[in-house]
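Novice: My questions will all concern the structure given below.
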Amino acid sequence: MEHVDHILIVDDDREIRELVGNYLKKNGLRTTVVADGRQMRSFLESTPVDLIVLDIMMPGDDGLQLCRELRTGKHKTTPVLMLTARSDETDRIIGLEMGADDYLVKPFAARELLARINAVLRRTRMLPPNLIVTEAGRLLAFGKWKLDTTARHLLDAQGTVVTLSGAEYRLLRTFLDHPQRVLSRDQLLNLTQGRDADLFDRSIDLLVSRLRQRLADDARDPAYIKTVRNEGYVFTYAVEILGESP
């Protein structure tokens, strides 16, 4: 029997829940709608889903809190697409840092949401064939750093742990999987968030800036992640696979 992707919609606005749920059903997806975090937790206890559409602005536990909870529990690998009524770029970055895979600003067209959902699902299952990734569960070394891909954190030369947000980890992992190769912002967004860049989208630039801080990389003269004018970014160091993560 062919698998039908199951989408869980968490939104306190009944009209949006019904509109989105019905539209996704008409387009071949299985949908379940709930109104808040309590109902989300109860449903996920018994039923796995393929993706969660999560509204940020809800009474009680908001979407950011719920996304953080999902990323630290047994559903940490389930893709999350966040809905927000806020247009401020900082709120989008916070959502990505909490571990969201993509975001969509309200008001939105239902067909755009469907396109974003399909893009995230594709990304989580298969990267573009021209971009080869390393195996999971490895310790990757570059410069004075190591990335533990099991624990999802950095280790400096002394073995001190540097914690990464979900968005920072995905971006660094993408760079390490494609070292010494210029990656455009569109490629980076596709590989880390499953979407293309909007005209004024600076989320990748902000994440690169945050990642440079984690690597103690001088933004004025970065050694690890260099900006290639009018093209994107390049990770300059060679990457060595040391073996399985401890």
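The opening position of the sequence shown corresponds to residue 22 in the working numbering, with each subsequent residue numbered one higher.
Beta carbons are placed, not taken as given, at the ideal position from N, Cα and C, and that holds for glycine.
1. Report yes or no: do three or more beta-carbon pairs, one from the segment 54-70 and one from the segment 119-128, lie closer than 8 Å?
2. Please tell me whether, using a cut-off of 8 Å, the distance from the CB of aspartate 169 to the nearest non-hydrogen atom of the ligand GTP is below it.
3. Can you tell me whether isoleucine 114 is helix, strand or coil according to DSSP?
4. Skipping 5 residues on each side, what residues in its chain have a beta carbon closer than 7 Å to that of valine 101?
5. Give the secondary structure of alanine 136 by DSSP, where H, G and I count as helix, E and B as strand, and everything else as coil.
6. Which whole runs of the beta strand (DSSP E) in the segment 61-114 are 3 residues long or more, in chain order?
7. Terminal residues of the continuous beta strand (DSSP E) containing tyrosine 258?
8. Closest to asparagine 139 by CA distance: which of Ala162, Gly49, Lys165 and Glu261 is it?
9. Is it buried or exposed for alanine 188, if we count other Cβ within 10 angstroms and need 16 for buried?
10. Within 10 angstroms of the Cβ of serine 67, are there 16 or more other Cβ atoms? Answer buried if so, exposed if not.
11. Is phenylalanine 129 helix, strand or coil by DSSP?
12. Do the CB positions of leucine 192 and isoleucine 225 come within less than 9 Å of each other?
13. Excluding five sequence neighbours on each side, which residues of the same chain lie with their C-beta closer than 6 Å to the C-beta of glycine 164?
14. Measuring CB to CB, does methionine 61 end up less than 9 Å from valine 31?
15. Can you tell me the Cα-Cα spacing of isoleucine 246 and tyrosine 254, whole angstroms?
16. Any idea what DSSP makes of alanine 162, helix, strand or coil?
17. Which of the three DSSP states is assigned to aspartate 123 in this structure?
18. With C-beta atoms as the reference, is arginine 250 less than 9 Å away from alanine 240?
19. On the three-state DSSP scale, how would you describe glycine 253?
20. Measuring CB to CB, does leucine 134 end up less than 9 Å from valine 70?
21. Given a cut-off of 9 Å, decide if leucine 142 and leucine 197 are closer than it, judged by their beta-carbon atoms.
22. Using a Cβ-Cβ cut-off of 7 Å (strictly less than) and excluding sequence neighbours within five positions of methionine 103, which residues of its own chain qualify?
23. I'd like the ranges of any alpha helix (DSSP H) spanning at least 4 consecutive residues and lying wholly in the segment 177-237.
Specialist: Once the coordinates are examined:
1. Taking one beta carbon from each stretch, the segment 54-70 and the segment 119-128 have fewer than 3 pairs nearer than 8 Å; the two do not touch.
2. Annotation note on the ligand GTP: not contained in the displayed structure, which lists no ligands.
3. Note: isoleucine 114 maps to helix in three-state DSSP.
4. Ile73, Leu75, Cys88, Leu91, Gly120, Ala121 and Asp122, listed in sequence order.
5. Reduced to three states, the DSSP call for alanine 136 is helix.
6. Those beta strand (DSSP E) runs which fall completely within the segment 61-114 and span 3+ residues are 72-76 and 101-105.
7. Annotation: tyrosine 258 is outside any beta strand (DSSP E) and is labelled neither H nor E by DSSP.
8. When each option's Cα is compared against that of asparagine 139, the closest is Gly49.
9. Burial is judged here by how many other beta carbons sit within 10 angstroms of a residue's own beta carbon; alanine 188 has at least 16 and is buried.
10. Per the 10 Å Cβ criterion, exposed.
11. For phenylalanine 129, the three-state secondary structure derived from DSSP is coil.
12. Their beta carbons are under 9 Å apart, which means leucine 192 touches isoleucine 225 by this criterion.
13. Same-chain partners within the cutoff: Tyr258.
14. In contact: methionine 61 and valine 31 (Cβ atoms closer than 9 Å).
15. Taking the straight line from one Cα to the other gives about 7 Å.
16. When secondary structure is reduced to three states using DSSP, alanine 162 falls in the strand class.
17. Three-state result, aspartate 123: strand.
18. Cβ distance not < 9 Å, so arginine 250 and alanine 240 don't count as in contact.
19. The answer is strand: DSSP assigns glycine 253 an E or B state.
20. Judged by their CB atoms, leucine 134 and valine 70 are not nearer to each other than the 9 Å cut-off.
21. Cβ atoms of leucine 197 and leucine 142: not closer than 9 Å.
22. Counting only Cβ-Cβ distances below 7 Å, and skipping sequence neighbours, we find Leu75, Ile77, Gly84, Cys88, Gly116, Ala121 and Tyr124.
23. 187-198, 206-214 and 224-235, all fully within the segment 177-237.
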